[in-house]
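A short worksheet on the structure shown next.
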């Protein structure tokens, strides 16, 4: 306490005792902003090339192999600095760099998901109505359905023909290729629609994608509009309608990643959630040379629908990978996990002044203040939350501060407003310490999300510093 009648310099005391809420650009300086710009050029290219989990894994495998990673062999013993990856069905992935201490002191994990909200095809999708050809869909993940109408869409995925031949589909991304759309009613006739709530204005069963308007030339018979589309697909891919049953096809926005703002400080694109964490985590482990602790980057599927299935983190594929690493050193996986830590690399909601009533300003994350920490997610009383312990939060703070990583901490909106969840639960149940660390996003789960370049770069710097920390 100050002595009686002694004047206190409030500014100096505030600097010493209070949280620093200075804008990130003022903290890091011009050189770091230049590094962020350069890093994000690669990130934008990645976003344009990898719009689905399959495309992301294909891109990641190529990037990993260029960085010296090789397919993991559970029968082989590895030494410090060895780099291995496990490709799980082309839809999920684990990458590891073996540390000097191996796995006996635990491993360090950065886990991101690579699936995004999208529009999937139904098993029997093609039909015609009123001289138009359309595809029936079932949306994937949490979306506002009205945002997906009247925008250009591209078709991505894989078809497995009855004879076993695999066909990769990517239509609508290249110049000159056709694109697709879900139509909306004109405002002149939209009285009934406009009288509904936003959640009811567009029904899930009405998210039908327009794919053609011409009948089969000189054709006779029924369903000529549907038949014309199927004939085009047959000529291009050699498929028949029943082959669509064994296909995974999705419509995603055809937008390219672009700079946002007069100052070029932000990136607008489809799929930031969660490729904006997956890309930095992948780049960080590719830069990791010979760490003290074995480091693992996980790219997971199915997070948007609960991390289910054998490519989601509710499955055992990460656990098997860690178990194999442990077994090669004569260890039990449970003993490794107990000493392990994880950054659950998932996005958080950036404070949006247009919707300020949904946020608590003092406990929100903001664009350009760095990578965001979330001690807990969940909703209404922290339900469904990991809630990281104080010891691990302090450890991450120390690592980031010593590595000059710009970071912030916040919650996902007001207490009773809503909430969300991440893969943190799936890893913490293995008795590892986990905290959510990710990039703040505006317009999350929309077809066109926005992030700060500085925050993306700080996510990369944060994951890299975490991997390299002793």
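In the working numbering, the protein residues as written are 5 to 474. Beta carbons: idealized from backbone N, C-alpha and C, even for Gly. The structure displayed is predicted, hence computed values, not measured ones.
Residues sharing a beta bridge with residue i, DSSP
i: residue 274; result: Paired residue(s): none; residue 274 is not in a bridge.
i: residue 159; result: 175, 255
i: residue 263; result: 271
i: residue 150; result: Answer is none; residue 150 lacks a bridge partner.
i: residue 103; result: Answer is none; residue 103 lacks a bridge partner.
i: residue 454; result: 272, 446
i: residue 384; result: DSSP output for residue 384 lists no bridge partner at all.
i: residue 347; result: 114, 439
i: residue 214; result: 138, 185
i: residue 98; result: 90, 302
Opening and closing residue of the alpha helix (DSSP H) in which residue i lies
i: residue 60; result: 57–70
i: residue 459; result: 457–472
i: residue 325; result: 321–331
i: residue 238; result: 228–241
i: residue 47; result: 34–53
i: residue 400; result: 394–406
i: residue 432; result: 428–432
Residue i, enclosing beta strand (DSSP E) - first and last residue
i: residue 412; result: 411–413
i: residue 437; result: 437–442
i: residue 126; result: 122–133
i: residue 338; result: From DSSP, residue 338 is part of no beta strand (DSSP E) but of the alpha helix (DSSP H) over 337–342.
i: residue 300; result: 299–304
i: residue 113; result: 112–117
i: residue 140; result: 136–144
Contact under 7 Å by Cβ, residue i with residue j
i: residue 131; j: residue 284; result: no
i: residue 256; j: residue 122; result: yes
i: residue 412; j: residue 369; result: yes
i: residue 303; j: residue 331; result: no
i: residue 292; j: residue 101; result: yes
i: residue 175; j: residue 159; result: yes
i: residue 299; j: residue 87; result: no
i: residue 103; j: residue 373; result: no
i: residue 354; j: residue 444; result: yes
i: residue 32; j: residue 410; result: yes
i: residue 127; j: residue 309; result: no
i: residue 379; j: residue 397; result: yes
i: residue 305; j: residue 95; result: yes
i: residue 280; j: residue 460; result: yes
i: residue 232; j: residue 218; result: yes
i: residue 68; j: residue 278; result: no
i: residue 184; j: residue 228; result: no
With 16 other Cβ atoms within 10 Å as the buried cut-off, status of residue i
i: residue 182; result: exposed
i: residue 48; result: buried
i: residue 74; result: exposed
i: residue 363; result: buried
i: residue 224; result: exposed
i: residue 2; result: The structure shown does not extend to residue 2, since the chain spans only 5 to 474, so no value can be given for it.
i: residue 120; result: buried
i: residue 97; result: buried
i: residue 35; result: exposed
Three or more C-beta pairs below 8 Å linking the stretch 308–318 and the stretch 265–274
no
Contact the stretch 420–438 vs the stretch 347–365: 3+ CB pairs below 8 Å
yes
- [ ] Check whether the stretch 326–343 touches the stretch 383–402, taking contact to mean three or more Cβ pairs, one atom from each stretch, closer than 8 Å.
- [x] no
Taking one C-beta from the stretch 135–142 and one from the stretch 202–213 each time, how about it: are there three or more such pairs within less than 8 Å? yes
I want to know whether the stretch 432–447 touches the stretch 238–252 - three or more CB-CB distances under 8 Å. no
Inter-stretch contact at 8 Å, needing at least 3 Cβ pairs: the stretch 185–197 / the stretch 61–69: no
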